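Take any residue in the sequence shown, note its place counting from 1, add 243, and you have its number in the working numbering.
C-beta atoms are modelled at their ideal positions from N, C-alpha and C, and glycine is treated no differently.
Note that this is a predicted model, so its numbers are computed, not measured.
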Amino acid sequence: MTLLTNLEALGSISDLVNGTKWNADELRRAVLNRVAFLTDKEIGPGSLVLISHGGTPFFFADLLAVWQLGAGAACLNATLTRNELENITKFVEPKALLRGPGETPKDLKGVSEFDLEQQRGEAGAVIETFDEDNPALILFTSGTTGDPKGVVHTFRSISERLKNNWKYLSKDTLSKTLSVLPTHFGHGLIGNCLTPLFADCDLYLYPRPGIAGAANLGSVLDENEITFMSSVPSFWKVVLKASKKPTKETLKQVSVGSAPLTADLWAAIQNWAGINNVVNMYGITETANWAAGVSGVGAKLQDGLVGTMWGGEVNVLPKDGTQSPTGEGEILLKTPSVMQGYLKRPDLTAEVLLKGGWYKTGDWGTVSRDGVIRLLGRTKTEINKAGIKILPEEIDMLLEKHPRVIEACAFGVPDLISGETVAVAVTIKKGQSLKPSDLRAWCRDKIRPDGIPEKWFMVTEIPKTDRGKINRGVVREYCLNREQEK
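Written out as structure tokens, the structure is:
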């Protein structure tokens, strides 16, 4: 039995959206009923199963049933289009697809499809013996319309991630955990949900809350006496504008990750939550999410500060190619929770998994002599302005220090003279006015001239991915399309 098949350690699940509540015994029964049915369908070690729904107790029952049989689950975004779903299915070649209760059948060619909540089997099916290095989880980070990029985690890598998380998150802290994140990517599923669920703690699901849900966060925390939650910076920007503070003081820790966190936003979250224990997390899907973190308790808050490793080692790879445990360069991580590779993509796997077990993150940063990591930006998003490299994250963090700016997203656009120049999308506080010329003047004594954006897009909202993160390519396209329409 592996950690992921141990049903005795499970906690309860409550869905705050549709009202479904299962205690640990009810969850176990739901899992074992599904196991019996899937066994009859010859699902077992080596099988791959698509789960096309998420964010509910039914999703977790499906996922745990698949794992009980030693099979792997590809957890998909429930909002995928028909073409995207067909593309993923053709690529994965799954044994079956599991849809949510009452959902319309997908009717995909050559794939058996089941709504397991409508099926019943005899509980108590025997769990097969299988290798812990078998694929357990596939999370797609890109390529739903082109060549898919599916991160493959094994039973071992996820188990190692959970064990390391528990060294830094006590059961008391996790006792009542709220998840506002989707379950088809690492932060939401592994960090925010599986970590408390397998620690016999209570999990409260509030997925995809949107602006209305974020505005109600303080009440949700109080009503359910939440002790822990994790989310992304963009979610907090909405909460700080729209939601009243919680009053019951039950929060013990708030974690923030998946995107750069500025010191100003960090401090604002501390003030809103009423605790200093706001932890900036560094997590990547390829390392089963959380890999490093630092608490705001007693720390000097800095833009991009993500602390020390939560199990494993960190190095940097400078531009001269000499790997080092300290200094500035691309961040390399060596952790027992690193992925097995990208599904059916040995070419992509070889680009990031180096000799000795090191994973190339694509993040540029510094590592101090005591192992403290500070992120400076993404190597893949840097803007090349006539040979001068500019990190867009640096521009974002600077502009968000302006008292009237809510959010900023810098990106490169083609330029006939310099090849590429700096553009930025900016949202400002409601009822405020701010011109690009004002911001340009404000930047002059704060950043080198090459870093000051030349093109400014004042927008009411910066588009996000389904994970609540910013994709600079999408923002660039959105802004340039708006410019053409004028």
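Could you pull the DSSP bridge partners for residue i from this structure?
{"i": "residue 393", "result": "383"}
{"i": "residue 317", "result": "293 and 381"}
{"i": "residue 448", "result": "258 and 422"}
{"i": "residue 339", "result": "292 and 355"}
{"i": "residue 251", "result": "The partner list for residue 251 (beta bridge, DSSP) is empty, contrary to what the question assumes."}
{"i": "residue 577", "result": "556"}
{"i": "residue 603", "result": "575"}
{"i": "residue 582", "result": "Answer is none; residue 582 lacks a bridge partner."}
{"i": "residue 265", "result": "256"}
{"i": "residue 701", "result": "669"}
{"i": "residue 469", "result": "Looking at the DSSP assignment, residue 469 forms no beta bridge with any residue, so it has no partner."}
{"i": "residue 618", "result": "608"}
{"i": "residue 570", "result": "610"}
{"i": "residue 307", "result": "The partner list for residue 307 (beta bridge, DSSP) is empty, contrary to what the question assumes."}
{"i": "residue 596", "result": "602"}
Please confirm whether residue i and residue j have their CB atoms less than 8 Å apart.
{"i": "residue 308", "j": "residue 354", "result": "no"}
{"i": "residue 288", "j": "residue 331", "result": "no"}
{"i": "residue 662", "j": "residue 627", "result": "yes"}
{"i": "residue 532", "j": "residue 429", "result": "yes"}
{"i": "residue 457", "j": "residue 502", "result": "no"}
{"i": "residue 667", "j": "residue 652", "result": "yes"}
{"i": "residue 315", "j": "residue 440", "result": "no"}
{"i": "residue 584", "j": "residue 596", "result": "yes"}
{"i": "residue 616", "j": "residue 671", "result": "no"}
{"i": "residue 586", "j": "residue 393", "result": "yes"}
{"i": "residue 293", "j": "residue 260", "result": "no"}
{"i": "residue 655", "j": "residue 636", "result": "no"}
{"i": "residue 291", "j": "residue 317", "result": "yes"}
{"i": "residue 282", "j": "residue 312", "result": "yes"}
{"i": "residue 723", "j": "residue 686", "result": "no"}
{"i": "residue 565", "j": "residue 612", "result": "no"}
{"i": "residue 505", "j": "residue 650", "result": "no"}
{"i": "residue 519", "j": "residue 548", "result": "no"}
{"i": "residue 638", "j": "residue 696", "result": "yes"}
{"i": "residue 730", "j": "residue 463", "result": "Nothing in the structure corresponds to residue 730, since the chain is present only between 244 and 729."}
{"i": "residue 434", "j": "residue 400", "result": "no"}
{"i": "residue 529", "j": "residue 449", "result": "no"}
{"i": "residue 624", "j": "residue 715", "result": "yes"}
Please determine, among the options, the residue with the shortest C-alpha to C-alpha distance to residue i.
{"i": "residue 482", "options": "454, 463, 298 and 498", "result": "454"}
{"i": "residue 252", "options": "405, 475, 508 and 722", "result": "405"}
{"i": "residue 669", "options": "703, 692, 685 and 689", "result": "703"}
{"i": "residue 648", "options": "520, 523, 676 and 530", "result": "676"}
{"i": "residue 618", "options": "631, 612 and 604", "result": "604"}
{"i": "residue 646", "options": "283, 508 and 439", "result": "508"}
{"i": "residue 461", "options": "442, 488 and 446", "result": "488"}
{"i": "residue 558", "options": "683, 356, 333 and 614", "result": "614"}
{"i": "residue 248", "options": "583, 374, 319 and 634", "result": "374"}
{"i": "residue 338", "options": "592, 285 and 403", "result": "285"}
{"i": "residue 720", "options": "711, 685, 678 and 657", "result": "657"}
{"i": "residue 377", "options": "396, 363, 361 and 362", "result": "396"}
{"i": "residue 517", "options": "495, 506, 504 and 525", "result": "495"}
{"i": "residue 526", "options": "537, 520 and 519", "result": "537"}
{"i": "residue 276", "options": "407, 493, 301 and 363", "result": "363"}
{"i": "residue 690", "options": "717, 492 and 633", "result": "633"}
{"i": "residue 301", "options": "244, 361, 351 and 349", "result": "361"}
{"i": "residue 257", "options": "303, 274, 250 and 244", "result": "303"}
{"i": "residue 700", "options": "529, 678 and 693", "result": "678"}
{"i": "residue 329", "options": "310, 322, 320 and 351", "result": "351"}
{"i": "residue 320", "options": "708, 716, 717 and 726", "result": "708"}
{"i": "residue 410", "options": "535, 545, 607 and 539", "result": "535"}
{"i": "residue 398", "options": "491, 606, 582 and 683", "result": "582"}
{"i": "residue 717", "options": "710, 589 and 706", "result": "706"}
{"i": "residue 403", "options": "727, 684 and 245", "result": "245"}
Is any beta-carbon of chain B found at less than 8 Å from that of residue i?
{"i": "residue 687", "result": "In the structure shown, chain B cannot be found, because there is only a single protein chain."}
| message | At 3 residues or longer, what runs of the beta strand (DSSP E) sit wholly inside the segment 403 to 434? | response | If you keep only unbroken beta strand (DSSP E) runs of at least 3 residues inside the segment 403 to 434, you get 419 to 422.
| said: Check whether the segment 548 to 555 and the segment 577 to 590 are in contact - that is, three or more C-beta pairs closer than 8 Å. | reply: Yes, since at least three Cβ pairs between the segment 548 to 555 and the segment 577 to 590 fall closer than 8 Å, the two stretches touch.
| task | Jot down the residue ranges of each uninterrupted beta strand (DSSP E) in the segment 471 to 513, minimum 3 residues, whole runs only, in chain order. | result | If only uninterrupted beta strand (DSSP E) runs of at least 3 residues are considered, those enclosed by the segment 471 to 513 are 471 to 474 and 496 to 499.
| query | If you pair each beta-carbon of the segment 422 to 435 with each one of the segment 295 to 308, do three or more pairs fall below 8 Å? | reply | Note that the segment 422 to 435 touches the segment 295 to 308; at least 3 beta-carbon pairs, one per stretch, sit closer than 8 Å.
| request: Determine contact between the segment 510 to 522 and the segment 371 to 384, defined as no fewer than three beta-carbon pairs at a distance below 8 Å. | output: Touching, no, given that fewer than three Cβ pairs across the two stretches are closer than 8 Å.
| said: Runs of 3 residues minimum, wholly inside the segment 508 to 553: which ones carry the beta strand (DSSP E) assignment? | reply: Counting only runs of 3 or more residues that sit fully inside the segment 508 to 553, the beta strand (DSSP E) segments are 521 to 527, 532 to 538 and 548 to 552, in chain order.
| query | Considering only residues of the segment 625 to 698, which uninterrupted alpha helix (DSSP H) runs meet the minimum length of 4 residues and lie entirely inside it, listed in chain order? | reply | Taking only runs of at least 4 residues, the alpha helix (DSSP H) segments lying wholly in the segment 625 to 698 are 635 to 642 and 679 to 686.
| Does the segment 336 to 353 come close enough to the segment 469 to 477 that 3 or more CB-CB pairs lie under 8 Å? | They do not touch, by the three-pair rule.
| message | I'd like to know if the segment 436 to 452 and the segment 405 to 420 are in contact, where contact means that at least 3 CB-CB pairs between them fall below 8 Å. | response | The answer is yes - the segment 405 to 420 touches the segment 436 to 452, with three or more Cβ pairs under 8 Å.
| query | Would you call the segment 408 to 418 and the segment 265 to 283 touching, i.e. three or more CB-CB distances under 8 Å? | reply | The segment 408 to 418 makes no contact with the segment 265 to 283; the number of CB pairs closer than 8 Å stays below 3.
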